[in-house]
Structure formats: structure tokens, C-alpha cells
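Chemist:
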Amino acid sequence: MTRKPHFKRVALIGIGLINSSLARLIQRDKLADSVISFSRKDETLDEARSLNLSHEYTNDLRVAVHNADLIILGIPVGAISSVAKVIGPALKKGAIVTDVGSVKRSVIEDVSPYMPEGVHLVPGHPVAGTEHSGPSAGFPGLFEGRWCILTPEKDTDNVAIEIIHDFWIHAGMQVDIMDANHHDQVLAITSHLPHLIAYNIVGTAYDLEAVTEREVIKYAAGGFRDFTRIAASDPTMWRDVFLSNREAVLEMLGRFTEDLASLQRAIRWGDGDTLEELFIKTREIRRSLIDAKQV
Ligand code: NAP
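In the working numbering, the protein residues as written are 714 to 1008.
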């Protein structure tokens, strides 16, 4: 049984794509009496203010979390430790701190040491997004039909987990609970590696001397265009993802490189069967994604 969650005061730390989508959802569905947005830069806060995303705006972390019963960290994962250190002493007893970061073990390690007694950390990752950033990029339907993964530790308060679970269900997501290390392994192959490959292939294409930039743009339809969309994702966010999930990404990259080498061999030796067998299998995966409404 899920209940519509309600909070007295929500602090949105960072007001980019994810948190601004949540801000819109919280306002639309009246999930909080008051919402305060934090961002470092005045121009980000001005943009959020012009979109009427919350009741209050601040560039002071302590002011943002004062008296909040829900704090949502929506900033690059590399910035989470320094933010946790500042907000820790200003959190009220009973508050729930959650996050939306794309890596989970590093977030737990970075935040837990600064959480005072009686404050509950429920790490989360809504697996939903676009290549756009900033307050204007958000929309309340972003989470609809997607999965959210929560990675609480064994001693996390069950009521706090349930509240965050219900919050994401209300946002239209399906919720899974798993170990943070497992999350990082799964996401390394389903999200982090595809981004790395996209960044790499787009970089390689632009470096090719024999192919002009004009040709790259003109003939982009042949698969390249899809890679450019992924490779347009926020540079800071993705820098932090790779640095924070180093082990799992390197492991998946190792396997990927081995598999790529076997395709290279098949092409060199004219082994069409190997190529076709793989392409039949991968087409099935695409079909099961469509069946699961994840496309
Ligand atoms: P975004 O649109 O780029 O917004 C990031 C926000 O964080 C902005 O308000 C930015 O404002 C602030 N910020 C940046 N660096 C900061 C720092 N060092 N200290 C404090 N605040 C800082 O980001 P997003 O796409 O919403 O991503 C937020 C989190 O969600 C990330 O951890 C990401 O891994 C995760 N996530 C993203 C997606 C996606 O598709 N984008 C999907 C799922 C999860 P200022 O510039 O004013 O500081």
C-alpha cells in the first residue's frame, strides 16, 4: 500500500534537470507546505525563480536545510561530500536525506559520516533523464513509467525508506531496493559504459582527418546522430560518474573490449555467422525493452 507523501518543508539542493522536475511535481501535487531551492550561482537561482519552482531560494546551504524534513541532493556526485559536510550540523532530528545521484556506493561513503544521530539517509537513483541540464530542462513527467533504485544500508530506518519509496511511486516510478555495490555494477553496463562509448565515438569522429566536420554533420543519420545525443550530456555530471564508479566501469570496459576484439576478429576473417548470431541476440534485447515499455 502506498500513500501520497506530504512534507512540511522540502529542501532541494541543486535545481537542475532532476530536482527542478521534482520541484514541479511537488508543486503540482501539493506534496509539501513549503519548498526551498539551493544553488551556488545567482543565475541558476534567478532562472529557477523565473519559473516559480519553489517558495524560497538561497545560495546558503545551512539556510536551505534549516527545519527541512526532506532534503534531496540533486547535484553532481563529486560535490556531495563537501555539501554533506556543511549541511550535517544544520539538519533537524528526524529529517530524511535522499539523493538522486547516478552512483550509489560513493554517495553513501561521502554522506554517512556527516549525518547526525536521528537523521535518516535513504540513497536513491531515479533512472530517468535527458541530455539537458538546468532548471528549465525539467518537467514533472520525467519519471513516469521508469525505475527508481533505492540503496539503503541494512540499519536504515524502515519508515524513512517507506516514505521515499512512496514519494517515487507517486512520481510515477516503479521502485526497486538493492545493495549499492550491485546498483553500481548494473548501471556501469546499462548507463555508464554506453555514455563512455558515445563520448569516445563522437570524439574519434571529430578527430578523423579524412572526414570533415561538415561530413560528420551531413551524414550523421547512420547511427552517429544517436551517439551525439548521449554525448551531449552534462560534462561535469559524467566526469563525476566515471571517477566515482571507477572499479565497476573499468571491469565492464574490460569485458566490452574483449567482446569488441572478437567482433574485430570475425570481421577480419569474414566470419559472418558470428556477427549475425550476435545481431539476432541484440535485436531480441531491443524487443524486450519495447515490451517492458522502457523505450
Ligand atoms: P544539472 O541539471 O546539471 O543540475 C545540477 C545542479 O547542481 C545545478 O543546480 C547546479 O547549480 C548544482 N551544482 C553543480 N555543481 C555543484 C557543486 N559543486 N556544488 C553544489 N551544487 C552544484 O544536473 P542533473 O542532471 O539534475 O543531475 C543531478 C544529479 O542527478 C547528478 O548526481 C546525476 O548523477 C543525477 N542523475 C542525472 C540524470 C540525468 O539524466 N541528467 C539521471 C539520473 C540521475 P549551480 O551551477 O548554480 O551550482
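Built from N, CA and C at the ideal position, the CB exists for glycine as well.
None of these values were measured; they are calculated from a predicted model.
Heavy atom of ligand 1 less than 8 Å from the Cβ of D947, yes or no?
Modeler: Yes; taking the cut-off as 8 Å, the Cβ of D947 has a heavy atom of ligand 1 nearer than that.
Chemist: Can you tell me the Cβ-Cβ gap for R859 and V840, rounded? I've got them flagged as a contact below 8 Å.
Modeler: Indeed, because the Cβ distance is near 6 Å, the residues count as touching under 8 Å.
Chemist: Compute the distance between the beta-carbons of F751 and I731, then report whether it is under 9 Å.
Modeler: Result no, Cβ atoms of F751 and I731 do not sit closer than 9 Å.
Chemist: Given this structure, state the Cα-to-Cα distance separating A893 from H905, to the nearest angstrom.
Modeler: Computed Cα separation, rounded: 15 Å.
Chemist: Mind listing, in chain order, the continuous beta strand (DSSP E) runs of no fewer than 3 residues lying wholly within the segment 788-843?
Modeler: If we require 3 residues or more, the beta strand (DSSP E) runs fully inside the segment 788-843 come out as 809-812, 833-835, 837-840.
Chemist: Could you tell me the distance, in whole angstroms, from the CA atom of N659 to the CA atom of K817?
Modeler: Any property of residue 659 remains undetermined from this structure, which presents the chain solely from 714 to 1008.
Chemist: To the nearest angstrom, how far is it from the Cα of I874 to the Cα of I862?
Modeler: Between I874 and I862, the C-alpha separation is close to 12 Å.
Chemist: Check for me: the beta strand (DSSP E) holding F720 runs from which residue to which?
Modeler: It spans 720-726 - the beta strand (DSSP E) in which F720 sits, taken as one unbroken run.
Chemist: Using the Cβ count rule (16 or more neighbours within 10 Å means buried), how would you classify N871?
Modeler: Under this definition N871 is an exposed residue.
Chemist: List the whole-angstrom C-beta distance separating A808 from A850, where the pair is believed to meet the contact cut-off of C-beta under 8 Å.
Modeler: Not really, about 28 Å apart at Cβ, beyond 8 Å.
Chemist: Taking the Cβ atom as the reference point for each residue, do D879 and T715 lie within a distance shorter than 9 Å?
Modeler: Yes.
Chemist: Just to confirm the assignment, what range does the beta strand (DSSP E) spanning F940 have?
Modeler: Taken as a continuous stretch (DSSP letters only), F940 belongs to no beta strand (DSSP E), being part of the alpha helix (DSSP H) at 937-943.
Chemist: Confirm, please, whether the CB-CB distance from L855 to G847 is below 9 Å.
Modeler: Their beta carbons are not under 9 Å apart, which means G847 does not touch L855 by this criterion.
Chemist: Determine which residues share a DSSP beta bridge with I784 and list them.
Modeler: The partner list for I784 (beta bridge, DSSP) reads A724, V810.
Chemist: Return yes when the C-beta of S846 is under 8 Å from any heavy atom of ligand 1, and no when it is not.
Modeler: S846: yes, Cβ under 8 Å from ligand 1.
Chemist: Suppose only complete runs of 4+ residues qualify. What are the alpha helix (DSSP H) ranges in the segment 933-991, listed by chain order?
Modeler: Runs of the alpha helix (DSSP H) inside the segment 933-991: 937-943, 948-957, 959-981.
Chemist: By Cβ distance below 8 Å, which residues in the same chain neighbour L764 in space, the five residues on each side in sequence not counted?
Modeler: So the qualifying residues of the chain are S733, P848, S849.
Chemist: Classify F992 as buried or exposed, calling it buried when 16 or more other Cβ atoms lie within 10 Å of its own Cβ.
Modeler: With fewer than 16 Cβ atoms within 10 Å of its Cβ, F992 is classed as exposed.
Chemist: Output the boundary residues of the alpha helix (DSSP H) element that contains A745.
Modeler: Run containing A745: none in the alpha helix (DSSP H); it sits in the beta strand (DSSP E), 745-751.
Chemist: Going by other Cβ atoms of all chains shown within 10 Å of its Cβ, with 16 needed for buried, is G837 buried or exposed?
Modeler: Counting Cβ neighbours within 10 Å, G837 comes out buried, since at least 16 surround it.
Chemist: Quick one: is the Cβ of H896 within less than 8 Å of any heavy atom of ligand 1?
Modeler: No, the beta carbon of H896 sits no closer than 8 Å to any heavy atom of ligand 1.
Chemist: With a CB to CB cut of under 6 Å and the five nearest residues on each side skipped, what residues in its chain are close to P789?
Modeler: Only T949, M950, D953 meet the Cβ criterion.
Chemist: What does the alpha-carbon distance come out to for the pair T987 and R978?
Modeler: The straight-line gap from Cα to Cα measures roughly 10 Å.
Chemist: Using the Cα positions of I657 and F937, report the straight-line distance between them to the nearest angstrom.
Modeler: The chain is shown from 714 up to 1008; residue 657 falls before or after that span and cannot be answered.
Chemist: Verify the contact flag: N757, CB atom, against every heavy atom of ligand 1, threshold strictly below 8 Å.
Modeler: The question names Asn, yet the displayed sequence has Thr at residue 757. Flag set: Cβ of T757 near ligand 1.
Chemist: Just to confirm before moving on: does the CB-CB distance between Y827 and A797 stay below 9 Å?
Modeler: Yes, these two residues count as a Cβ contact at 9 Å.
Chemist: Can you tell me whether DSSP reads E928 as helix, strand or coil?
Modeler: Looking at E928 - three-state DSSP - the assignment turns out to be helix.
Chemist: Roughly how many angstroms lie between the CA atoms of L735 and A918, to the nearest whole one?
Modeler: If I take the Cα positions, the gap works out to 37 Å.
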